[in-house]
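In this note's numbering, the protein residues as written are 9 to 109.
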């Protein structure tokens, strides 16, 4: 699983420690930001379901439609995530058993 730190803004607030990455078991890109100071639960958390965001473009587009912008996403980060997402991943045990769909 890859994890990279990016800055996420939503127009009124900024999270300088936002996280973007790729989760191979779920075969999805994910984006997390704006953790609650006491519970650490993120107000922004995309990419928690199987194949929810199969492309980097799809998660960035969704974030933008909901008012979020990403900064600090470097070329090296993009290439590393795309490389990780590139090879086909076999179905997980949960998928093979019909537990996860």
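For each residue, glycine too, the CB sits at the ideal point set by N, CA and C.
None of the values given here were measured: they were computed from a predicted structure.
Sixteen is the threshold: when 16 or more other Cβ atoms of the shown chains lie within 10 Å of the Cβ of residue 27, as they do, the residue is buried. Its chain contains no residue whose beta carbon lies nearer than 6 Å to that of residue 87 once the 5 sequence neighbours on both sides are disregarded.
Following the DSSP letters along the chain, one finds residue 102 inside the alpha helix (DSSP H) bounded by residues 101-104.
Per DSSP, residue 73 lies in no beta strand (DSSP E) segment; the continuous alpha helix (DSSP H) that holds it begins and ends at 64-73. Our two residues, residue 33 and residue 100, have alpha carbons roughly 7 Å apart in a direct line.
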